[in-house]
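Asks: Quick note on UniProt numbering: the sequence shown kicks off at 1 and runs consecutively. For glycine and all other residues, C-beta sits at the position ideal for the given N, C-alpha and C. It should be emphasised that the depicted structure is a prediction, and the values quoted were computed from it without experimental measurement.
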Amino acid sequence: MFSKAAIASPSVAPSNLPNWSPTRTHLKSRQVFVPAVQRRRRCRFRAAAEVSRSPTKVGEEDGTLSIRILREFIETNLGDWSGSFYQFDGHGNLLQSVNTKLSASSYGTDELISLVQTLYIKHPPLGNSILGYDSEAEWAEYKIKETNMFTADKYQQLGFFPKEKAFSLRYQTAGMLETVLRAGVLGEDDIGEESPKNLKLPSRRPSIVCESCLYSLEKDKRVRAFHIMNPQGILEMFIVFLEERGDNKLSPSPPQDISNRLSPFLGRWKGHSITKRSGIYGGTISEADVVSLLQMDDKGQLIQDITSTSGDRTTNVHWTGTVSENLVSFDGGFQMTLLPGGMCMGCPSDISKSVAQSEPFHLEFCWVESPDKRQRLVRTYDVEGLAVSTTYFFEVRV
């Protein structure tokens, strides 16, 4: 699905994304990746001009469309959600789990409509509780910044697929995630240390915090997955919220783990992809039919063959990778981390190498909810750390 020079992954991003060559990027010294909000833009990623054969043109003057998109996004998120928060390191090891609740409502109309969300984080049991006595659970409260017409476009760089109820967006800090960890793991024992013992917190100034959300095809349930990259552009951790909508007092079951986390992704998959520009005014750039094959060869290497067809153009890509426990490393500097519950998350092994060569990069989240169906989101960035496009995939095993 990629061009010959592009990065690949077990579940792969689309061929209708622009070309880049990670194999040519080698740094003599490590560079700090500074996102666009902290420096001037040096160049613009020409995705809209390069990847579109017949794009849907949506101008900023079309306020009616942008209001409808924002309203549908808000309606998708409304309600009370019960769930759990999971923290994983870059190798897929579970570090922490915390019970959470999320309440989402809206106010305003038309261009003034806003999404208001409050996150509730369950405190751990008190260390001095009386033996045999279960005290009533206490919950910390965290107000998430409102989402409105301005923030969705300028700050969050929203990529939203209304029909599929899938979206990606950007966080400017990891403050919300740090709060969950502190309140859910330390609770009343938190004395404000910058680096509490036995607790890994996200960087105060991460280069990227990306949320990708996929809704269940079978239940009123969703997974919100976060990539967190440190200031140098290296993967720091993954965060996953598994949530179910309704008045359920119990959180959804934790993601089922298996000894071989790679097995849900192996085999032949066939499906369709849709790519949209980021932002509330983002229109569809292109669509493609996709067929992918992922298998182990007799030498123990992971082989991936991808065919993507958009209009009269077909692209074939062949990639090889190695598997070490729950980490897949592909040629070209892209890695996939296998998580429980049929989930995997992909990113460059070092974003600063792409930045040094003024090349774009992408992040990926894949969820195999059932043995024969999977969904994916691929978020493409320019070298300034601005999200250029988001691609949604739906695929079935054949």
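Quick check on DSSP: helix, strand or coil for I234?
Replies: The answer is coil: DSSP assigns I234 none of H, G, I, E or B.
Asks: Just to check my reading of the structure: E141 and T118 have Cβ atoms closer than 8 angstroms, yes? What is that Cβ distance to the nearest angstrom?
Replies: Rounded, the Cβ-Cβ distance is 6 angstroms, consistent with contact.
Asks: Where do the N-terminal and C-terminal ends of the beta strand (DSSP E) with K163 fall, by residue?
Replies: No beta strand (DSSP E) contains K163, which DSSP labels as neither H nor E.
Asks: Secondary structure at G175, three-state DSSP: helix, strand or coil?
Replies: Here G175 sits in helix by DSSP.
Asks: Closest to L201 by C-alpha separation, out of L217, G175, R224 and I191, would be which residue?
Replies: Looking at the Cα atoms, G175 is the closest of the given residues.
Asks: On a Cα-Cα basis, can you pick out the residue from I306, K299 and Y215 that is closest to A288?
Replies: Out of I306, K299 and Y215, I306 has the C-alpha closest to the C-alpha of A288.
Asks: Reducing DSSP to helix, strand and coil, say where K145 ends up.
Replies: Three-state result, K145: strand.
Asks: Alpha carbon to alpha carbon, how far is S216 from L338? Give it in angstroms, no decimals.
Replies: Rounded to the nearest angstrom, the two C-alpha atoms are 19 angstroms apart.
Asks: Kindly provide the ranges of any beta strand (DSSP E) runs that are 3 or more residues long and lie completely inside the stretch 235 to 311, ordered along the chain.
Replies: Those beta strand (DSSP E) runs which fall completely within the stretch 235 to 311 and span 3+ residues are 235 to 245, 267 to 277, 284 to 296 and 302 to 310.
Asks: Quick check: what's the CA-CA separation for T322 versus M229?
Replies: Going by the C-alpha atoms only, they are around 23 angstroms apart.
Asks: I'd like the ranges of any beta strand (DSSP E) spanning at least 3 consecutive residues and lying wholly in the stretch 315 to 392.
Replies: Here the runs fully enclosed are 327 to 330, 334 to 339, 343 to 348, 361 to 370 and 373 to 381.
Asks: What is the DSSP secondary structure of I113, reduced to helix, strand or coil?
Replies: I113 falls in the coil class under three-state DSSP.
Asks: Can you give me the start and stop residues for the beta strand (DSSP E) that A104 sits inside?
Replies: Residues L94 to Y107.
Asks: Count the other CB atoms, across all protein chains shown, that sit within 10 Å of the CB of N260; report buried if there are 16 or more and exposed otherwise.
Replies: When all chains shown are included, N260 counts as exposed.
Asks: Is it the case that the stretch 141 to 158 contacts the stretch 256 to 272, given that we only count it when at least three CB pairs across the two stretches are under 8 angstroms?
Replies: No, the stretch 256 to 272 does not touch the stretch 141 to 158.
Asks: Just to confirm the assignment, what range does the beta strand (DSSP E) spanning S216 have?
Replies: Premise fails: S216 is in no beta strand (DSSP E) and is neither H nor E.
Asks: Chain D beta carbons: is any one of them nearer than 8 angstroms to that of P196?
Replies: Of the protein chains in the structure, only one exists, and it is not chain D.
Asks: What is the DSSP secondary structure of residue 408, counted as helix, strand or coil?
Replies: Given that the chain is displayed from residue 1 to residue 398, the structure contains no residue 408 and the question cannot be resolved.
Asks: The beta strand (DSSP E) with Y86 in it runs from where to where?
Replies: Note, Y86: beta strand (DSSP E), G79 to F88.
Asks: CA-CA distance, F45 and H123?
Replies: Bear in mind that the predicted position of F45 carries a pLDDT of just 33, short of 50, making it unreliable; the figure below should be weighed with that in mind. Those two C-alpha atoms are separated by around 44 angstroms.
Asks: For S216, verify whether its CB is less than 7 angstroms away from any heavy atom of the ligand GTP.
Replies: As presented, the structure is devoid of all ligands, the ligand GTP included, so that no description of it is given.
Asks: Is the distance from the Cβ of F365 to the Cβ of R376 below 8 angstroms?
Replies: Yes, the pair counts as a contact, with Cβ atoms nearer than the cut-off.
Asks: Kindly indicate which three-state DSSP category V223 falls into: helix, strand or coil?
Replies: Strand.
Asks: Going by DSSP in three states, E395 sits in which element: helix, strand or coil?
Replies: Here E395 sits in strand by DSSP.
Asks: Going by the beta-carbon positions, is the gap between S286 and T275 smaller than 8 angstroms?
Replies: In contact: S286 and T275 (Cβ atoms closer than 8 angstroms).
Asks: Whole angstroms is fine: what's the gap from T179's alpha carbon to T314's?
Replies: Their Cα atoms are separated by approximately 47 angstroms.
Asks: Mapping the DSSP letters down to three states, classify I228 as helix, strand or coil.
Replies: Strand.
Asks: L158 by DSSP, collapsed to three states: which one?
Replies: In the structure shown, L158 sits in coil (DSSP, three-state: anything other than H, G, I, E or B).
Asks: Quick check: H362 and Y392, are their CB atoms within less than 8 angstroms of each other?
Replies: No, Cβ-Cβ distance for H362 and Y392 is not below 8 angstroms.
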